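The structure appears below as structure tokens.
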Amino acid sequence: MLTAAQRATMIPSSPPSQARLLLAPVRASRAILDGGWWPRSWDPVAELPGLVLALSERYGRIRNVILTNGVWDSRFRQIAVGTDVVRVGWFASLDTALLIATNVSGDQLDLLVVPPDSTATAAEQAMTTAADPTNTMRAPDMLTAGTAPPSPTTGTDPYAVWDNEGGNTATRRPHHRPTNVQSRQVE
Numbered sequence: 042m043l044t045a046a047q048r049a050t051m052i053p054s055s056p057p058s059q060a061r062l063l064l065a066p067v068r069a070s071r072a073i074l075d076g077g078w079w080p081r082s083w084d085p086v087a088e089l090p091g092l093v094l095a096l097s098e099r100y101g102r103i104r105n106v107i108l109t110n111g112v113w114d115s116r117f118r119q120i121a122v123g124t125d126v127v128r129v130g131w132f133a134s135l136d137t138a139l140l141i142a143t144n145v146s147g148d149q150l151d152l153l154v155v156p157p158d159s160t161a162t163a164a165e166q167a168m169t170t171a172a173d174p175t176n177t178m179r180a181p182d183m184l185t186a187g188t189a190p191p192s193p194t195t196g197t198d199p200y201a202v203w204d205n206e207g208g209n210t211a212t213r214r215p216h217h218r219p220t221n222v223q224s225r226q227v228e
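Residue numbers (this note's numbering): 42 to 228.
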């Protein structure tokens, strides 16, 4: 059950930051991802407005964003972005490496989420791969394949879970944060 604070519409206290986002030049039917996003933190109130504005510019108004509830700092159902209110869904089954956005036309956008503590080189490489229209690699596989440091749920615990990108079984990763990952923030 959600608390009253989680049911309230979140209103960011500062202007949105420019999203570190790389989108595919065209939406390809074979591609699994539409691009990559590298948030500066796991704070959705600070990070989502800039992303929503950038996606809205390219694809039209965004009405929904779906995230995993495993790594983000807070949970809420709605967030104010400009003059719009965007619904936010939280799912434990969604991999931390994936964000799903839906525009008002019903188009679904699947984005790789690069962990905030990734190095600039690793993040740029991962986002470039995610934005490649010929890429057929799934978001979690992309991060574990060496294009970026592991997400907070990367590991080797082999529990089968239902994959959100096509209905196949996937491997559930135990929740932990890597301690040996070097990071630097690039603005």
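Glycine included, C-beta positions come from ideal geometry on N, C-alpha and C. Keep in mind that this is a model prediction, so the values were computed, not measured.
What distance in whole Å lies between the Cβ atoms of residue j and residue i, which are believed to be in contact at a cut-off of 8 Å?
i, j, result
"Ala-87", "Pro-53", "7 Å"
"Val-93", "Val-127", "6 Å"
"Ala-121", "Thr-50", "6 Å"
Buried or exposed: which applies to residue i, given that a residue is buried once 16 or more other Cβ atoms fall within 10 Å of its Cβ?
i, result
"Ser-55", "exposed"
"Glu-165", "buried"
"Pro-181", "buried"
"Arg-225", "Legend: pLDDT at Arg-225 = 38, less than 50; position of this residue unreliable, no value from coordinates given."
"Gly-76", "buried"
"Ser-70", "exposed"
"Arg-68", "exposed"
Would you call the CB atoms of residue i and residue j closer than 8 Å?
i, j, result
"Pro-85", "Ser-115", "yes"
"Leu-153", "Trp-78", "yes"
"Gly-123", "Asn-105", "no"
"Leu-74", "Asn-176", "yes"
Smallest Cα separation from residue i: which of the options?
i, options, result
"Ala-138", "Ser-146, Thr-124 and Met-178", "Met-178"
"Leu-184", "Thr-175, Ala-60 and Thr-169", "Thr-169"
"Val-112", "Gln-119, Arg-71, Asp-151 and Leu-140", "Leu-140"
"Asp-136", "Asp-151, Ser-146 and Thr-124", "Asp-151"
"Asp-158", "Pro-80, Gly-76 and Val-67", "Pro-80"
"Ala-167", "Gln-119, Leu-64 and Tyr-100", "Leu-64"
"Ala-133", "Arg-61, Thr-162 and Leu-108", "Leu-108"
"Asp-173", "Ser-58, Ala-72, Ala-163 and Arg-61", "Ala-72"
"Arg-99", "Gln-119, Ser-146 and Ala-161", "Ser-146"
"Asp-235", "Pro-66, Ala-171, Gln-119 and Arg-102", "Since the first residue shown for the chain is 42 and the last is 228, residue 235 is missing from the structure and cannot be characterised."
"Ala-161", "Leu-62, Ser-58 and Pro-57", "Leu-62"
Can a CB atom of chain D be found closer than 8 Å to the CB of residue i?
i, result
"Ala-163", "Of the protein chains in the structure, only one exists, and it is not chain D."
List in chain order: all unbroken alpha helix (DSSP H) runs of 4+ residues lying wholly within the region 115–201.
-> 161–171 and 180–183
Contained beta strand (DSSP E) runs [length at least 3] in the region 50–125, N- to C-terminal order = 62–64, 76–78, 103–109 and 119–122
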